[in-house]
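Colleague: In my numbering, the protein residues as written are 1 to 338. There's a structure below that I have some questions on.
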């Protein structure tokens, strides 16, 4: 990736994507409830999709026809791509009498109306459970963020949009915080201009042992990119930067560590972030281009484990992304199973 090709944005970002917490006074501002008619459309579309005989990953929006709900999803897409970058749908059907396969297909079909999904790991999975896998925390070089109950610092995912359907909330913890990365950039420009170039140059990240045969086990990615009059952000989990430094002796200077600390301190300020609990039946959608998100550590209740279903997708008619900026935006390469 040629990060030198990214010019620095030296103007403050204005508009709805550069929000602060005071811009939200009520969760209703980011929440769209599903009605009984919407849920009826989901079940009708489920039957239509089943009749196609296609596997889940091959189901398109044409295979999952929606009417009034499709119009709501257009409004959600607009909010994600042209406004705050945050939207929640509430009341998705996850009742215990609904087969898991039906829940997954309805969730997939709904997401298909926002854009095509991409693979999330070297196994080629397109929908992954976010839960405690019992593999240990992020100090384990083979553990990804979606596999641990540890707190996750502010970060983005790889695709443009990440969707999280809550099947079960935690017994304790698991709160989600969201901050506008456009607001972070504005603060850096105002008060930490000396650090700004480091974010455009980027950092090395550990591939977490998911590289293909013959590939190097790390990659470099810029945090900010300015392209065709649009600022975009990708800030992956800081632990992966630190483990790339520790495992592969890649440079991570004191001033680069300061830049990482400064980014996350700005993101975590109360005046910049909103915090929410994702409840069962909620689908949280975030635009990784303009917001970063974090999660507190969680503890599972007795015999009830926190679980969310994650989908990565890129919206239809998305703006041309900065060349090479978002590693794995089009999905992670799949290893050959032998």
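Note that the Cβ used here is the ideal one computed from N, Cα and C, for glycine as well. Here the structure is a predicted model, which means the values were calculated and not measured.
Does DSSP put residue 129 in a helix, in a strand, or in coil?
Modeller: Taking the chain shown and counting its residues from 1, the one referred to as residue 129 is at position 129. In the structure shown, residue 129 sits in a strand (DSSP, three-state: E or B).
Colleague: In chain order, what residues of the same chain lie with their CB nearer than 7 Å to the CB of residue 320, ignoring the 5 residues before and after it?
Modeller: What you label residue 320 is simply residue 320 of the chain shown in a count that begins at 1. The residues are 228.
Colleague: Indicate the three-state DSSP secondary structure (helix, strand or coil) for residue 30 in the structure shown.
Modeller: Position 30 of the chain shown, counting from 1, holds the residue named residue 30. DSSP places residue 30 in coil when its eight states are reduced to three.
Colleague: In the structure shown, what three-state DSSP assignment does residue 266 receive?
Modeller: Taking the first residue of the chain shown as 1, we reach residue 266 at position 266. Three-state DSSP puts residue 266 in a helix.
Colleague: Measuring alpha carbon to alpha carbon, tell me which of 150, 98 and 58 ends up nearest residue 42.
Modeller: In the chain shown, residue 42 corresponds to position 42, counting from 1. Measuring from the Cα of residue 42, the nearest candidate turns out to be 98.
Colleague: Just to confirm, are residue 198 and residue 256 a CB contact at a threshold of 8 Å?
Modeller: To locate residue 198, count along the chain shown from 1; it is residue 198. To locate residue 256, count along the chain shown from 1; it is residue 256. Remark: C-beta atoms of residue 198 and residue 256 approach each other more closely than 8 Å.
Colleague: For residue 235, count neighbouring Cβ atoms within 10 angstroms of its own Cβ and tell me buried if that reaches 16, exposed if not.
Modeller: If you number the chain shown from 1, residue 235 lands on position 235. It counts as buried.
Colleague: Taking its Cβ as the centre, do 16 or more other Cβ atoms sit within 10 Å of residue 157, making it buried, or is it exposed?
Modeller: For the purposes of this step, residue 157 is identified with residue 157 of the chain shown, where counting begins at 1. With 16 or more Cβ atoms within 10 Å of its Cβ, residue 157 is classed as buried.
Colleague: Let me make sure I understand the geometry here. Which of 298, 10, 280 and 295 has the alpha-carbon closest to that of residue 95?
Modeller: One-based indexing of the chain shown puts residue 95 at position 95. Out of 298, 10, 280 and 295, 280 has the C-alpha closest to the C-alpha of residue 95.
Colleague: My guess is that residue 31 and residue 176 are in contact by the Cβ rule of under 8 Å, so how many angstroms apart are they, rounded?
Modeller: Position 31 of the chain shown, counted from the start, is the residue given in the question as residue 31. Position 176 of the chain shown, counted from the start, is the residue given in the question as residue 176. Incorrect: roughly 13 Å between the Cβ atoms, too far for contact.
Colleague: Residue 345 lies in the beta strand (DSSP E); which residues open and close that run?
Modeller: This structure cannot speak to residue 345, because the chain is shown only from 1 to 338.
Colleague: Quick one: what's residue 312 bridged to in DSSP?
Modeller: Here the question's residue 312 lines up with position 312 in the chain shown. Beta-bridge pairing links residue 312 to 118 and 162.
Colleague: Going by alpha carbons, who is nearest to residue 273 out of 161, 191 and 21?
Modeller: Sequence index remark: in the chain shown, residue 273 carries index 273 (1-based). Residue 21 is the option with its Cα nearest to residue 273.
Colleague: Could you check which residue in 270, 241 and 300 has the C-alpha nearest to that of residue 138?
Modeller: As a working note, residue 138 is residue 138 in the chain shown. Here the closest residue by C-alpha is 241.
Colleague: Could you check the C-alpha separation between residue 262 and residue 180 for me, to the nearest Å?
Modeller: As a working mapping, residue 262 is identified with position 262 in the chain shown. As a working mapping, residue 180 is identified with position 180 in the chain shown. In a straight line, the C-alpha of residue 262 is about 15 Å away from that of residue 180.
Colleague: Are the Cβ atoms of residue 322 and residue 232 separated by less than 8 Å?
Modeller: Here residue 322 refers to the residue found at position 322 of the chain shown. Here residue 232 refers to the residue found at position 232 of the chain shown. Result yes, Cβ atoms of residue 322 and residue 232 sit closer than 8 Å.
Colleague: CA-CA distance, residue 331 and residue 123?
Modeller: Position 331 of the chain shown, counted from the start, is the residue given in the question as residue 331. Position 123 of the chain shown, counted from the start, is the residue given in the question as residue 123. So the two alpha carbons sit approximately 11 Å from each other.
Colleague: Tell me where the beta strand (DSSP E) around residue 342 begins and ends.
Modeller: This structure leaves residue 342 out entirely; the chain is present only between 1 and 338.
Colleague: Give the DSSP-derived three-state secondary structure of residue 338 in the structure shown.
Modeller: Within the chain shown, residue 338 is the residue found at index 338, counting from 1. Note that residue 338 scores 45 on pLDDT, short of 50, meaning its location in the model is unreliable; the coordinates nonetheless yield the value given after this. The answer is coil: DSSP assigns residue 338 none of H, G, I, E or B.
Colleague: I'd like to confirm the pairing. Which residues does DSSP put opposite residue 276 in its beta bridges?
Modeller: As a working note, residue 276 is residue 276 in the chain shown. DSSP lists 176 as partners of residue 276.
Colleague: Classify residue 67 as buried or exposed, calling it buried when 16 or more other Cβ atoms lie within 10 Å of its own Cβ.
Modeller: Position 67 of the chain shown, counted from the first residue, corresponds to residue 67. Label assigned to residue 67: exposed.
Colleague: Tell whether a beta-carbon distance below 8 Å holds between residue 114 and residue 315.
Modeller: In the chain shown, counting from the first residue as 1, residue 114 sits at position 114. In the chain shown, counting from the first residue as 1, residue 315 sits at position 315. For residue 114 and residue 315, yes; Cβs fall inside 8 Å.
Colleague: Going residue by residue through the segment 194-233, where are the continuous alpha helix (DSSP H) segments of at least 4 residues, counting only ones entirely within it?
Modeller: 196-201
Colleague: With respect to the beta strand (DSSP E) encompassing residue 283, which residues constitute its N-terminal and C-terminal limits?
Modeller: Within the chain shown, residue 283 is the residue found at index 283, counting from 1. Boundaries of the beta strand (DSSP E) around residue 283: 283-287.
Colleague: Rounded to the nearest angstrom, what separates residue 325 and residue 225 at their Cα positions?
Modeller: Here the question's residue 325 lines up with position 325 in the chain shown. Here the question's residue 225 lines up with position 225 in the chain shown. Those two C-alpha atoms are separated by around 7 Å.
Colleague: Smallest Cα separation from residue 92: which of 196, 278, 264 and 208?
Modeller: By 1-based counting over the chain shown, the position of residue 92 is 92. In terms of CA proximity to residue 92, 278 leads the group 196, 278, 264 and 208.
Colleague: Determine the extent of the alpha helix (DSSP H) in which residue 237 is found, giving its start and end residues.
Modeller: The residue labelled residue 237 in the question sits at position 237 within the chain shown. From DSSP, residue 237 is part of no alpha helix (DSSP H); its letter is neither H nor E.
Colleague: With distance defined between alpha-carbon atoms, name the residue in 202, 266 and 166 nearest to residue 306.
Modeller: As a working mapping, residue 306 is identified with position 306 in the chain shown. It is 166.
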